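Residue numbers (our numbering): 84 to 330.
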Ligand code: BV8
Ligand code: ZN
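See below:
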């Protein structure tokens with residue numbers, strides 16, 4: 084056991100009915116998928132993801148942006164869900180209601196077996212048309228030549244939400260609705276700076292939900308959180324499952 088859970092947290096977890104989990108890139112770090120803000124490796128270290136993940140960057144240099152996403156897609160396809168993802172999938176069968184909201188675009192929660200995942204920022208493995216928005220299952224190497232829409236001949240792009248773009252309306256309103264009805268809210272592996280996702284924990288706090296943060300370091304959210312568990316999601320989550328539902 085890496086971490087000693089406070090007794091009253093264990094008790095609250097056993098009594099909880101509606102639980103919401105918000106995850107960020109930190110939950111995929113132990114699967115080898117770099118988080119959004121740590122320095123990128125190799126060729127990409129000279130680029131700031133926030134500058135590349137924008138419609139303007141794509142309009143300015145679609146090939147550069149496609150090369151970045153092709154690199155990230157290769158990392159994601161080689162990645163395996165880690166112990167934290169697997170523990171979250173197990174929690175779906177242990178809490179009466181668990182809603183999993185993710186900022187991640189890597190699909191690792193689904194591959195770990197989490198039954199329903201709300202992807203706030205889309206999915207890097209899905210492709211859509213930049214112009215007409217139609218989803219196109221097109222996985223050819225996007226670098227030669229740049230893939231085009233079979234409907235309107237516009238450029239295809241990864242179906243992720245870029246900075247300055249609005250999040251999928253249904254998913255976002257559902258995320259706020261379940262957060263406003265939860266007893267316990269977990270914020271796991273997120274720097275809690277990207278909006279509107281970063282407002283979700285405050286909705287839970289307004290509701291009087293018990294809040295838990297799992298992160299190796301403190302974040303701007305930490306001062307508001309009831310239980311700040313300092314550690315990696317891959318270590319803390321399995322311990323939390325074991326401490327609450329000992330086998
Ligand atoms: C919108 C998809 C408007 C793409 C992503 C000024 C103030 C407030 C807001 C803004 C502002 N200026 C602009 C904005 C809005 C902007 C924003 O919030 N900017 C921030 C940065 C200031 N938001 C937007 O643009 C959003 N859209 O607002 O639209 C609008 C409204 C109406 C109509 C039209 C438009 C869109 C935001 C979505 C952007 N897309 N991803 C892609 O992936 O390529 S966001 C991107 O950041 C990823 O999805 C990532 O998940 C997300 C958040 O980052 P984190 O997940 O937190 O990852 P990060 O690396 O930051 O942190 C990792 C954490 O894990 C760290 O804390 C670390 O300690 C921890 N960790 C590390 N290892 C582990 C770990 N934890 C646990 N275990 C470990 N092992
Ligand atoms: Zn099109």
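By construction, the Cβ of each residue, glycine as well, lies at the ideal position given by its N, Cα and C atoms.
Everything numeric in this text was worked out from a predicted model, so none of it was measured.
Alpha-carbon to alpha-carbon, residue j and residue i
i	j	result
residue 316	residue 235	43 Å
residue 172	residue 215	35 Å
residue 139	residue 271	30 Å
residue 218	residue 209	7 Å
residue 304	residue 198	27 Å
residue 87	residue 295	14 Å
residue 275	residue 233	38 Å
residue 246	residue 330	44 Å
residue 90	residue 320	16 Å
residue 273	residue 254	19 Å
residue 220	residue 237	15 Å
residue 278	residue 182	19 Å
residue 291	residue 327	22 Å
Near the ligand ZN: residue i beta-carbon under 7 Å from a heavy atom
i	result
residue 220	no
residue 214	yes
residue 217	yes
residue 300	no
Residue range of the beta strand (DSSP E) that includes residue i
i	result
residue 180	180 to 185
residue 310	310 to 313
residue 209	205 to 212
residue 240	239 to 243
Beta-carbon proximity check, residue i vs residue j, cutoff 8 Å
i	j	result
residue 201	residue 257	yes
residue 101	residue 180	yes
residue 119	residue 132	yes
residue 204	residue 261	no
residue 187	residue 106	yes
residue 229	residue 266	no
residue 268	residue 287	yes
residue 162	residue 116	yes
residue 127	residue 149	no
Any non-hydrogen atom of the ligand BV8 closer than 7 Å to residue i Cβ
i	result
residue 113	yes
residue 245	yes
residue 119	yes
residue 86	no
residue 315	yes
residue 250	yes
residue 193	no
Beta-bridge pairing of residue i - partner residues as DSSP gives them
i	result
residue 269	104 and 295
residue 86	Bridge partners of residue 86: none, in fact.
residue 219	None, per the DSSP bridge assignment.
residue 231	238
Residue range of the unbroken alpha helix (DSSP H) whose run includes residue i
i	result
residue 200	Segment 200 to 202 is the beta strand (DSSP E) holding residue 200; no alpha helix (DSSP H) there.
residue 322	316 to 327
residue 152	145 to 161
residue 352	Outside the displayed span of the chain (84 to 330) sits residue 352, for which this structure offers no information.
residue 173	166 to 177
residue 261	252 to 262
residue 110	109 to 112
residue 129	Neither: residue 129 is in no alpha helix (DSSP H) and is coded neither H nor E.
residue 286	283 to 290
residue 191	191 to 195
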